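A short write-up of the structure that comes next.
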């Protein structure tokens, strides 16, 4: 099967067919190129998709990725990024192994095809020239033969004519001989030309054209083989990345199988657990008891309006501080009593009141109403020092619930320890460098690193002090150490170092079991904050003045929040009269005040009483 023998006369058709083959190859190259563009676009879109859902650094989203479900999602995003990389590999391999190679091959193929068909056209032109020469020789021979016949006939005619002179006859005879000689020469030339043409024609159709067509056939077969190999490479490029893509999918499956709902639930507990106990039952409010006393028209509390009182908390009271609410409004929301006061004991003995009184009342207002008022109240900044530090919380995280504070302190300790380790590694490296400089002075000056070593030493010492400070706070939270009163605490750069009784000078909020925030006090002493111009805008109003005195008729153990303990016969100041709920607000000194049952004291109202904060002497009956 050879194109040279089977298609010897199909030169034009072969030329069209080979051109069609090149067009097919170029079409396949274009197809692969568009496939690579699709792979690149797909990989880019996958990478953008993965990047779009990646957590932003130093954001709240990054903290959310500690759960197993979100970590599995993050692993899926990372694997999708690798998955996109494999599609980029497909595009690169197809470009280098198929598109690039076939593009170069097409250029070579076009040159080879052009050369082969140029040789074929040259052979055709040569045989056509030989044919033309043969035709010309044949026509000349034919013409000479006809001329010789006419000359012979003319000679015979002249020779038969008696009227023609002998000279004319001789001339005709010579002319006839000349024509015959020319015919013989033309015949010989025609014969030679014919033999030559036949030889050239045989060589053309049996040697030159078969060889040319055979080369064209081989060229076309190579093209067909090459496009087949490219198609195979096209599949192999995909097949090579299938194991890696499968591994990506396996990792996604593995990440999905690592999702642990129990663990995530436990992490939610660790993230949001406050460490407080749930609030107790709400006591029954008995509205059937008659009011034992009539509210005095001269009561300063009534003139100030309900909920505007601002008690100073004593040694056994902890004032509630909801965050960002001014204390005078806060106390109107939270100090309202839930139980009536206990009846006076039958005797002066404290045992007459086995369980002690309940919390004092200010007004009988539904709890839901107070809660709604709290929710609609306008937030306020509770400490200007926090504002000066850029809005950040206190350094010891005392504004957080105990469990969350413990976690933050532990994270801070770990961060400081890592910083210490980095500084120590740098110091060790500089120490080794200094030793090298000492042994080999030509390499450098050993004294040049002393300043840096001193700085590293100072940094390490500062970091260690910071670690000790945070570990101390952490120990307090975990209950390993007792509260440390009068511990020097470092404040922000705006204020100098101040001594605080176990807490920062800024009011630190604590959440109580009933959902409110209470002010934590160390060693049950009231926090004293140096007054500043800024604190006047955010802190409490002036304390209530005294409106009289009272004498304790019985001993009262103020064990509940908002109450104060008194001894029988003790004289105290009255700062707020009974409003009809059975409680009277008294003050022992400038630091201790609270509520006692009205039936436990004898009140002496005095509108001209001065607010002299001196402890009254106990008067015995």
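In the numbering used here, the protein residues as written are 11 to 631. We treat Cβ as the ideally placed atom computed from N, Cα and C, and that holds for glycine. All of these numbers come straight from a predicted model, not from anything done at the bench.
Taking the C-alpha atoms as reference points, what is the distance between residue i and residue j?
i	j	result
residue 26	residue 108	25 angstroms
residue 297	residue 600	34 angstroms
residue 213	residue 13	16 angstroms
residue 564	residue 555	25 angstroms
residue 582	residue 484	40 angstroms
residue 100	residue 264	25 angstroms
residue 268	residue 78	7 angstroms
residue 53	residue 247	16 angstroms
residue 401	residue 46	Residue placement at residue 401 cannot be trusted, given a pLDDT of 46 that sits under 50; what the coordinates show is reported in the next sentence. About 53 angstroms.
residue 606	residue 291	22 angstroms
residue 64	residue 114	43 angstroms
residue 140	residue 133	11 angstroms
residue 449	residue 443	10 angstroms
residue 580	residue 562	5 angstroms
residue 1	residue 566	Nothing about residue 1 can be reported from this structure: the residues present for the chain run from 11 to 631 only.
residue 42	residue 112	10 angstroms
residue 199	residue 219	28 angstroms
residue 570	residue 604	10 angstroms
residue 152	residue 185	18 angstroms
residue 235	residue 24	18 angstroms
residue 187	residue 196	14 angstroms
residue 1	residue 145	No statement about residue 1 is possible, as the shown extent of the chain runs from 11 to 631 and does not include it.
residue 591	residue 608	9 angstroms
residue 278	residue 585	47 angstroms
residue 255	residue 68	31 angstroms
residue 183	residue 173	16 angstroms
residue 128	residue 221	13 angstroms
residue 135	residue 206	16 angstroms
residue 29	residue 16	20 angstroms
residue 203	residue 40	54 angstroms
residue 613	residue 559	6 angstroms
residue 245	residue 251	11 angstroms
residue 89	residue 486	44 angstroms
residue 489	residue 475	21 angstroms
residue 194	residue 120	52 angstroms
residue 645	residue 74	Any answer about residue 645 is impossible in this case: the structure gives the chain only from 11 up to 631.
residue 103	residue 31	25 angstroms
residue 18	residue 257	58 angstroms
Specify, as a first and last residue, the run of the alpha helix (DSSP H) that residue i falls within.
i	result
residue 483	460-488
residue 414	412-449
residue 276	271-282
residue 13	13-16
Any heavy atom of the ligand HEM closer than 8 angstroms to the Cβ of residue i?
i	result
residue 57	Of ligands this structure carries none, so the ligand HEM is not represented either.
Could you give the residue range of the beta strand (DSSP E) that holds residue i?
i	result
residue 574	No beta strand (DSSP E) holds residue 574; DSSP gives it neither H nor E.
For residue i, count neighbouring Cβ atoms within 10 angstroms of its own Cβ and tell me buried if that reaches 16, exposed if not.
i	result
residue 271	exposed
residue 168	buried
residue 294	exposed
residue 97	buried
residue 94	buried
residue 34	exposed
residue 56	buried
residue 504	Residue confidence for residue 504 is low, a pLDDT of 33 falling below 50, so the modelled location carries little weight and cannot support an answer.
residue 201	exposed
residue 241	exposed
residue 410	buried
residue 37	exposed
residue 262	buried
residue 610	buried
residue 572	buried
residue 593	buried
residue 161	buried
residue 282	exposed
residue 238	exposed
residue 11	exposed
Going by the DSSP bridge assignment, what does residue i pair with across the sheet?
i	result
residue 562	611
residue 604	596
residue 586	595
residue 581	561
Comparing the C-beta of residue i with each C-beta of chain D, is any distance below 9 angstroms?
i	result
residue 25	Annotation note: the requested chain D is absent from the structure, which comprises a single protein chain.
**OP:** With a floor of 4 residues, list each alpha helix (DSSP H) that falls wholly inside the region 137-225, ordered by position along the chain.
**Re:** 176-213
**OP:** Starting from the N-terminal side, write out each stretch of the alpha helix (DSSP H) that is 4 residues or longer and does not extend beyond the region 26-87.
**Re:** 70-74
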